[in-house]
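Engineer:
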Amino acid sequence: MAFTLELEEWVGSVWHRFITRRASADFPEARVELSDRQRSLQVLFHATGGARHQGVEAVSDRDLLLRRNLLQQIAGTCKQTPLAWCDADNLRLPASLAVFPDAGLNEELYRWLALLAAQSGPMKHWGRDNQRWTQVVLRRYPALRPRYRRLMEAHLSLRPDPAELNPDEALLERALCQALRDPGSVEHFPRSERAAWPLPLWLYPPRHLGNPQTGNLEESEQYLATPPGEQQGGRKRAERIDETTRDGGLLIVRLENLFSWTEHVDLDRWSDDSEDPNAARVAEDLDQLTLSRTRLRKGGGLKLHLDLPPADVDDVPLGEGIRLPEWDYRKHRLQDDFVSLQTFIPRDCELQPLPSCLRTPAQRLRRQFEHLRNDRQWLRQQTQGSELDLQAWLDFHVERQHGQCSERGLFIEQRQTRRDLACLLLADLSMSTDAHLNDEHRVIDVIRDSLLLFGETLSVLGDDFALYGFSSLRRHHVRMHELKAFNQRYDDHTRGRIQALKPGYYTRMGAAIRQATQRLAGCKRRRKLLLLLSDGKPNDLDLYEGRYGVEDTRQAVLEARRQGLTPFCITIDREAGDYLPYMFGGNGYTLIRQPEQLPLRLPQLYRQLTQD
Numbered sequence: 001m002a003f004t005l006e007l008e009e010w011v012g013s014v015w016h017r018f019i020t021r022r023a024s025a026d027f028p029e030a031r032v033e034l035s036d037r038q039r040s041l042q043v044l045f046h047a048t049g050g051a052r053h054q055g056v057e058a059v060s061d062r063d064l065l066l067r068r069n070l071l072q073q074i075a076g077t078c079k080q081t082p083l084a085w086c087d088a089d090n091l092r093l094p095a096s097l098a099v100f101p102d103a104g105l106n107e108e109l110y111r112w113l114a115l116l117a118a119q120s121g122p123m124k125h126w127g128r129d130n131q132r133w134t135q136v137v138l139r140r141y142p143a144l145r146p147r148y149r150r151l152m153e154a155h156l157s158l159r160p161d162p163a164e165l166n167p168d169e170a171l172l173e174r175a176l177c178q179a180l181r182d183p184g185s186v187e188h189f190p191r192s193e194r195a196a197w198p199l200p201l202w203l204y205p206p207r208h209l210g211n212p213q214t215g216n217l218e219e220s221e222q223y224l225a226t227p228p229g230e231q232q233g234g235r236k237r238a239e240r241i242d243e244t245t246r247d248g249g250l251l252i253v254r255l256e257n258l259f260s261w262t263e264h265v266d267l268d269r270w271s272d273d274s275e276d277p278n279a280a281r282v283a284e285d286l287d288q289l290t291l292s293r294t295r296l297r298k299g300g301g302l303k304l305h306l307d308l309p310p311a312d313v314d315d316v317p318l319g320e321g322i323r324l325p326e327w328d329y330r331k332h333r334l335q336d337d338f339v340s341l342q343t344f345i346p347r348d349c350e351l352q353p354l355p356s357c358l359r360t361p362a363q364r365l366r367r368q369f370e371h372l373r374n375d376r377q378w379l380r381q382q383t384q385g386s387e388l389d390l391q392a393w394l395d396f397h398v399e400r401q402h403g404q405c406s407e408r409g410l411f412i413e414q415r416q417t418r419r420d421l422a423c424l425l426l427a428d429l430s431m432s433t434d435a436h437l438n439d440e441h442r443v444i445d446v447i448r449d450s451l452l453l454f455g456e457t458l459s460v461l462g463d464d465f466a467l468y469g470f471s472s473l474r475r476h477h478v479r480m481h482e483l484k485a486f487n488q489r490y491d492d493h494t495r496g497r498i499q500a501l502k503p504g505y506y507t508r509m510g511a512a513i514r515q516a517t518q519r520l521a522g523c524k525r526r527r528k529l530l531l532l533l534s535d536g537k538p539n540d541l542d543l544y545e546g547r548y549g550v551e552d553t554r555q556a557v558l559e560a561r562r563q564g565l566t567p568f569c570i571t572i573d574r575e576a577g578d579y580l581p582y583m584f585g586g587n588g589y590t591l592i593r594q595p596e597q598l599p600l601r602l603p604q605l606y607r608q609l610t611q612d
């Protein structure tokens, strides 16, 4: 019996491999992987116009309602297709490509998609937009025309013959082939019940279109026309019934009924939290659709939500708070009074000395920075001073011999001059700082130590400086934690505030930078340095995610520069190279690859940034 089962399994596996190979439309021997060329594609994407904060990521295959042949139906293949698309955060490319029998053409296709995405924008019509973007690429880079023609001709040779399709599909196929041969020549694409054979040379609409979690970032009306086959419009015979209400009971069902959908079964069960990804395919197979208003319990699952602490245990607010603007890149304008920011100080904060573990490095930093404390300048020809001015004495002696005896100061005096410099250090206190770096330290511990050693160093230098932290919970509650203002001394009270810091909520970076800019702009110093200590990208619970947050932060940095400030970001995020050059510029940030070294590296970075 066991031998019979093993034989059946072996025969089944052999049959599956055979029929799958015969039904496959790919060329496995010419397959190329995205992982082998992801970095070079990202460089190409950015160099030809792609947004600096956008990366290149692999994406899984997508459902596409194609007309499959008999072998594909038997094998159950070609239900999903590798498609490329681009959203506000990343260029999404197939994890591998095997659409051409030549590996060189498959690799060339990756490069073409990166170039096309670099010129793309919000998709309003799938066919017309791809033609327009193709025209832009070929007009901007004429040397690519032969490469595009090779890709186009190789792809057209693999597409189905319109003569073998039904009339609607044949019209659509001819229109698509014409659009590939002569981009911009086709304005109207006929509708079809089935999707056209995939076009790997074109971009498709984002997969998350219509998802309420991400729909805030792009206006849904920007995507008025999606590829034929992804939105189906058909006629069905419908039946409307009322929901049956009962207390539930034993469900007895014959197992053979589970293999097909033929009629409505009125079960007293509540809907699942997730949508059925096969709903469109099931609806296509049904002869009759039954509609019923049933009870939905979307909140039946566990829902977690961050809430603010009660007022009696929360930090102490300073004042009524202020309103700040925020940049909306979709409207290309600054929204006035869009964000509410409140400044806090820790509640029940005790005086604290410098922790014993930091005393030795603090003493070492003090010795290193003492010679920079204040610039010393020798003032010549003084009427009194600590030393004789030899040059002034010689001039006086010569003039007296020639009968010119004017009064002259004969001494030099050394005086100290203040460094004409002010610095505001802004620390990211989002919930991500609660992450562990090792078995002993978290990110927030490293931030506390960095703030303490930074304060010890600048108190020796005598430079004007302020220390703040920030986090946020949507746009109506941005929290600014005042650790030391410009007019306050750095003492045990400040050390106590720093040691009382704890992880907060999210990272609405633009609002914090704008408030820090206002504080720093009020200092009457020639040089003003705004340092941002961060561990990740800007983000919040609402639409402040992805490109929206990056664009707002970039505008806040530009506003600070226009006011004469020097913004500089210090990060421990290893992926910072994907977005910080766009926000702060190539020379406006640095990456600390070993976060444990941040407390000692921060004062050294300050010295490099402030030396003339």
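Just so you know, we're using the working numbering here: the sequence shown kicks off at 1 and counts up by one.
Beta carbons are placed, not taken as given, at the ideal position from N, Cα and C, and that holds for glycine.
Note that the structure is predicted; figures quoted are calculated from it, not measured.
#1: What does the alpha-carbon distance come out to for the pair residue 500 and residue 352?
#2: Which of helix, strand or coil does DSSP assign to residue 565?
#3: Of the residues 549, 602, 568, which one's Cα is nearest the Cα of residue 587?
#4: Kindly identify the DSSP beta-bridge partner or partners of residue 613.
#5: Tell me which residues share the same chain as residue 449 and place their Cβ nearer than 7 angstroms to its Cβ, disregarding the 5 neighbours each side in the sequence.
#6: Can you check which of these residues, 38, 150, 108, 83, is closest to residue 60 by C-alpha distance?
#7: What would DSSP say about residue 507, mapped onto helix, strand or coil?
#8: Measuring straight from C-alpha to C-alpha, what distance separates residue 328 and residue 88?
#9: Could you give the distance in angstroms between the alpha-carbon of residue 411 and the alpha-carbon of residue 607?
#10: Kindly give me the distance between the Cβ atoms of residue 344 and residue 479, rounded to whole angstroms, as I take these residues to be in contact under 8 angstroms.
#11: Indicate the three-state DSSP secondary structure (helix, strand or coil) for residue 482 in the structure shown.
#12: Mind checking residue 124: buried by the 16 CB within 10 Å criterion, or exposed?
#13: Any idea which residues DSSP pairs residue 29 with across the strands?
#14: Mind checking residue 252: buried by the 16 CB within 10 Å criterion, or exposed?
#15: Counting pairs of Cβ atoms below 8 angstroms between the region 462-482 and the region 394-405, do you hit three or more?
#16: If you measure between the beta carbons of residue 179 and residue 186, is that distance less than 8 angstroms?
#17: Which value, in whole angstroms, describes the spacing of the CA atoms of residue 518 and residue 421?
#18: Only counting the same chain, and skipping five residues up and downstream in sequence, which positions put a Cβ closer than 8 angstroms to that of residue 592?
#19: Are there 16 or more other CB atoms within 10 angstroms of the CB of residue 51, so buried, or fewer, so exposed?
#20: So, does the region 525-542 touch the region 491-499, judging by three or more C-beta pairs under 8 angstroms?
#21: Considering only the alpha carbon of each residue, which of 174, 86, 481 lies closest to residue 204?
#22: Look at the alpha carbon of residue 429 and the alpha carbon of residue 502, and state the distance between them as a whole number of angstroms.
#23: Quick check on this structure: which residue in 380, 408, 200, 578 has the alpha carbon closest to the alpha carbon of residue 151?
#24: Leaving out the 5 sequence neighbours to the left and right, which residues in its chain are closer than 8 angstroms to residue 154 when beta-carbon positions are compared?
#25: Check for me: the alpha helix (DSSP H) holding residue 126 runs from which residue to which?
#26: Measuring CB to CB, does residue 174 end up less than 8 angstroms from residue 160?
#27: Using C-beta distances below 8 angstroms, list every residue in its chain close to residue 564, excluding the 5 sequence neighbours before and after it, in chain order.
#28: Taking Cβ to Cβ, would you say residue 114 is nearer than 8 angstroms to residue 45?
#29: By the three-class DSSP mapping on this structure, what secondary structure does residue 496 have?
#30: Within its chain, find whatever has a CB closer than 6 angstroms to the CB of residue 385; leave out the 5 residues flanking it on each side and keep chain order.
#31: Hey, residue 484 and residue 504 are a contact pair by Cβ (cut 8 angstroms); roughly how many whole angstroms apart?
#32: Just reading off the alpha helix (DSSP H) that residue 589 is part of, what are its end residues?
#33: Whose C-beta lies closer than 8 angstroms to the C-beta of residue 120 among residues of the same chain, with five residues either side of it excluded?
#34: Thinking C-alpha only, which one of 469, 584, 39 is nearest residue 561?
#35: Can you tell which of 576, 513, 181, 368 has its C-alpha closest to the C-alpha of residue 457?
#36: What's the C-alpha gap between residue 43 and residue 324?
Structural biologist: With the given structure in hand:
#1: 10 angstroms
#2: coil
#3: 568
#4: This structure gives no information on residue 613, because the portion of the chain shown stretches from 1 to 612.
#5: 358, 599
#6: 83
#7: strand
#8: 13 angstroms
#9: 34 angstroms
#10: 6 angstroms
#11: strand
#12: exposed
#13: Paired residues: none, contrary to the question.
#14: A caution first: residue 252 carries a pLDDT of 49, below 50, which makes its placement in the model unreliable, though a value can still be read off. Classification of residue 252: exposed, given that the 10 Å Cβ count is below 16.
#15: no
#16: yes
#17: 16 angstroms
#18: 570, 571, 572, 598, 601
#19: buried
#20: no
#21: 86
#22: 7 angstroms
#23: 200
#24: 100, 102, 105
#25: 126-140
#26: no
#27: 521, 528
#28: yes
#29: helix
#30: 411, 412, 413
#31: Not quite, the Cβ-Cβ distance comes to about 18 angstroms (not below 8 angstroms), so this is no contact.
#32: Unbroken run through residue 589 is the beta strand (DSSP E), 589-591; no alpha helix (DSSP H).
#33: 86, 129, 133, 203
#34: 584
#35: 368
#36: 36 angstroms
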